[in-house]
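Reviewing the structure listed below.
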Amino acid sequence: MSNLEERPSPAAAGSFFRTIKMVAWSLLGIRKNSELEKDAAQVNPLHVIVVGVVTIIILVVGLIVLVNVVVAK
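FYI, in my numbering the residues of the sequence shown are 23 to 95.
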């Protein structure tokens, strides 16, 4: 392998954090279509799946905890 193949590109290095931002804005429903198209071209689909699943798990657990706190009072 050459040195160029071993180093990730600058876009790939920051794509995980870009994916987190993309998923967060998408869950809130305030994403511009032009921004979505730019992000879709630059993020890794595996990152989108992982971040989406983790985010939904956090959301569900947070709602369960909130309901338990409200019902306990």
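Beta carbons are placed, not taken as given, at the ideal position from N, Cα and C, and that holds for glycine.
Relative to R40, the option among I52, L50 and E57 whose CA is nearest is E57. DSSP places V91 inside the alpha helix (DSSP H), whose first and last residues are P67 to A94. Inclusion of N66 and S48 in the CB contact set at 7 angstroms is not warranted, their separation being larger than that value. In the displayed model, I52 falls within coil according to three-state DSSP, outside both helix and strand.
Here the C-alpha atom of A46 lies approximately 25 angstroms from the C-alpha atom of N90.
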